[in-house]
Amino acid sequence: MRELAFWHRPRSLQSLVLSPLGALYGAITARRMMREGVDAGIPVICVGNYHVGGAGKTPTVLALTRLLRELGETPVVLSRGYGGRLHGPVMVDPMRHVAADVGDEPLMMARDVPVAVARDRLEGVALAKSQGATVVLMDDGFQNPRLLKDASLIVIDSARGLGNGKVFPAGPLRAPLKAQLARTDALVLIGDGHAAGDVAAEIAKRNRPELRAHLKPDAAIVAQLIGKRVLAFAGIGDPDRFFRSLRACGIEVVQARPFADHHMFSQGEIAALAAEAKAGQLTLVTTEKDFARLRGSDGLPDGIVPFAVQLEFDDPAKLRQLISDHLYKARERRFGRR
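When we follow my numbering, the leftmost residue of the sequence shown carries the number 1, and every step to the right adds one.
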């Protein structure tokens, strides 16, 4: 869903009216988070966020995939498959599945790493282990207690932060912040913003590490778009961030069309975007996640450019040590006394 404007205002009538409902929802979620999860038998690393909407989880998962492979591990991503019709468990096949089957993010990630989609996360773990996984990377699911997590990395867009700090629907938080902080093993702050300073300070009080990272656009794609006038469109948690990223690269964004997160584009919407681009002699540009949803669509126009980005950590050695330590502790807990 698209984040609501009043979630990012310190005081609003809407938030005030919805606060009792948010308090009830938050209490239920916080109590649920305290349940003890089932041990998967292999290390489980969760990449999540405190709030609804996008923050950069998928690029973080892919960055961790690369690191785990460098460490000699065989990671398999576990996803609920939000937006897909298949309940699973099923391994995502980019040649056979479309976003309507398994969700846009799993389909996009499956080009680089094996992805298991399962509404029941225990069934998903069993499938991942059958594929030779030595580590399960959970894409989201931080607030879900079904599975024991050996490490939880929380991703925040440092420019957006956590809005008004209230629990859904009064604000963007999925659970009270205190309950979520208690289960956080590391904080990943993406970008150079300062909106998450208070959260970072709370994490520091708990002696948990803060990791800074930046999204780096693919240089070849940027070079391809420089000098062109573009029509950019995106159905992600924060479309404006995508538009800002294009402009920051020196790309001329003539028109920007935002859609709700995980938006499934109709043929009419695709045709309208193509017609607008043709009339203005504009190049259509979208995110990789949106492009994954578009694949397999009837009447998809040629020439849509997926804008690829990759997450790079400012201190990769710190991240490597953090993950190595958690893997060691996870295995020591399971096998140390044998």
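The beta carbon of each residue, even a glycine, is placed where N, CA and C say it ideally should be.
Rounded to the nearest angstrom, what separates residue i and residue j at their Cα positions?
{"i": "Leu-187", "j": "Ala-213", "result": "10 Å"}
{"i": "Glu-252", "j": "Leu-282", "result": "10 Å"}
{"i": "Ser-130", "j": "Ile-28", "result": "34 Å"}
{"i": "Arg-334", "j": "Val-115", "result": "25 Å"}
{"i": "Ala-23", "j": "Leu-173", "result": "11 Å"}
{"i": "His-194", "j": "Arg-96", "result": "42 Å"}
{"i": "Gln-14", "j": "Lys-178", "result": "23 Å"}
{"i": "Asp-39", "j": "His-263", "result": "35 Å"}
{"i": "Ile-339", "j": "Arg-206", "result": "Shown here, the chain extends from 1 to 338; a query on residue 339 therefore has no answer."}
{"i": "Ala-133", "j": "Ala-220", "result": "33 Å"}
{"i": "Ala-99", "j": "Arg-121", "result": "19 Å"}
Please tell me whether residue i and residue j are closer than 8 Å, where the distance is taken between their beta carbons.
{"i": "Gly-88", "j": "Glu-123", "result": "yes"}
{"i": "Ala-339", "j": "Met-33", "result": "As shown, the chain starts at 1 and ends at 338. That puts residue 339 outside it, with no answer to give."}
{"i": "Leu-246", "j": "Arg-257", "result": "no"}
{"i": "Asp-198", "j": "Gly-235", "result": "no"}
{"i": "Gly-53", "j": "Asp-238", "result": "yes"}
{"i": "Val-230", "j": "Val-285", "result": "yes"}
{"i": "Thr-287", "j": "Phe-242", "result": "yes"}
{"i": "Leu-211", "j": "Asp-315", "result": "yes"}
{"i": "Leu-62", "j": "Met-109", "result": "yes"}
{"i": "Ala-55", "j": "Ile-203", "result": "no"}
{"i": "Ile-270", "j": "Leu-300", "result": "yes"}
{"i": "Val-113", "j": "Val-77", "result": "yes"}
{"i": "Thr-65", "j": "Pro-75", "result": "yes"}
{"i": "Val-167", "j": "Tyr-25", "result": "yes"}
{"i": "Phe-265", "j": "Leu-294", "result": "yes"}
Within the same chain, show all residues whose beta-carbon is closer than 8 Å to that of residue i, passing over the 5 residues directly before and after it, in chain order.
{"i": "Lys-216", "result": "Val-309, Gln-310, Leu-311, Glu-312"}
{"i": "Pro-339", "result": "Past the edges of the chain, shown from 1 to 338, lies residue 339, and the structure says nothing about it."}
{"i": "Arg-338", "result": "A caution first: Arg-338 carries a pLDDT of 47, below 50, which makes its placement in the model unreliable, though a value can still be read off. Cβ neighbours of Arg-338 beyond the five flanking positions: none."}
Helix, strand or coil: which one does DSSP assign to residue i?
{"i": "Arg-32", "result": "helix"}
{"i": "Leu-21", "result": "helix"}
{"i": "Phe-335", "result": "helix"}
{"i": "Phe-243", "result": "helix"}
{"i": "Phe-307", "result": "strand"}
{"i": "Lys-318", "result": "helix"}
{"i": "Phe-259", "result": "coil"}
{"i": "Pro-91", "result": "The amino acid at residue 91 is misidentified as Pro; the sequence shows Met. Residue state, collapsed to three classes: strand."}
{"i": "Lys-329", "result": "helix"}
{"i": "Val-285", "result": "strand"}
{"i": "Arg-146", "result": "coil"}
{"i": "Arg-66", "result": "helix"}
{"i": "Arg-183", "result": "coil"}
{"i": "Lys-205", "result": "helix"}
{"i": "Arg-293", "result": "helix"}
{"i": "Val-98", "result": "coil"}
{"i": "Val-52", "result": "coil"}
{"i": "Glu-312", "result": "strand"}
{"i": "Glu-269", "result": "helix"}
{"i": "Glu-3", "result": "coil"}
{"i": "Leu-173", "result": "strand"}
{"i": "Ser-324", "result": "helix"}
{"i": "Pro-387", "result": "A question about residue 387 goes unanswered here, because the residues of the chain that appear run from 1 up to 338."}
With DSSP as the reference, please indicate the residues paired to residue i in a beta bridge.
{"i": "Val-155", "result": "Val-188"}
{"i": "Met-138", "result": "Cys-46, Leu-78"}
{"i": "Arg-229", "result": "Glu-252"}
{"i": "Arg-121", "result": "Arg-121 is not bridged to any residue."}
{"i": "Val-115", "result": "Val-77"}
{"i": "Ala-234", "result": "Pro-258"}
{"i": "Leu-345", "result": "Residue coverage of the chain in this structure runs from 1 to 338, which leaves residue 345 outside it and unanswerable."}
{"i": "Leu-13", "result": "Partner(s): none; Leu-13 has no beta bridge."}
{"i": "Pro-106", "result": "The partner list for Pro-106 (beta bridge, DSSP) is empty, contrary to what the question assumes."}
{"i": "Val-167", "result": "Leu-173"}
{"i": "Lys-178", "result": "In DSSP, Lys-178 forms no bridge with anything."}
Excluding sequence positions up to five away, which residues of its chain have a Cβ less than 6 Å from the Cβ of residue i?
{"i": "Gly-81", "result": "Val-102, Gly-103, Pro-106, Val-117"}
{"i": "Leu-18", "result": "Pro-169, Ala-170"}
Excluding the five sequence neighbours on either side, which residues of its own chain have a C-beta within less than 7 Å of the C-beta of residue i, listed in chain order?
{"i": "Val-44", "result": "Val-136, Met-138, Leu-147, Leu-148, Lys-149, Asp-150"}
{"i": "Ser-152", "result": "Cys-46, Gly-48, Phe-142, Arg-183, Thr-184, Asp-185"}
{"i": "Gly-191", "result": "Asp-157, Ser-158, Ala-159, His-214"}
{"i": "Phe-6", "result": "Ser-12, Gln-14, Ser-15"}
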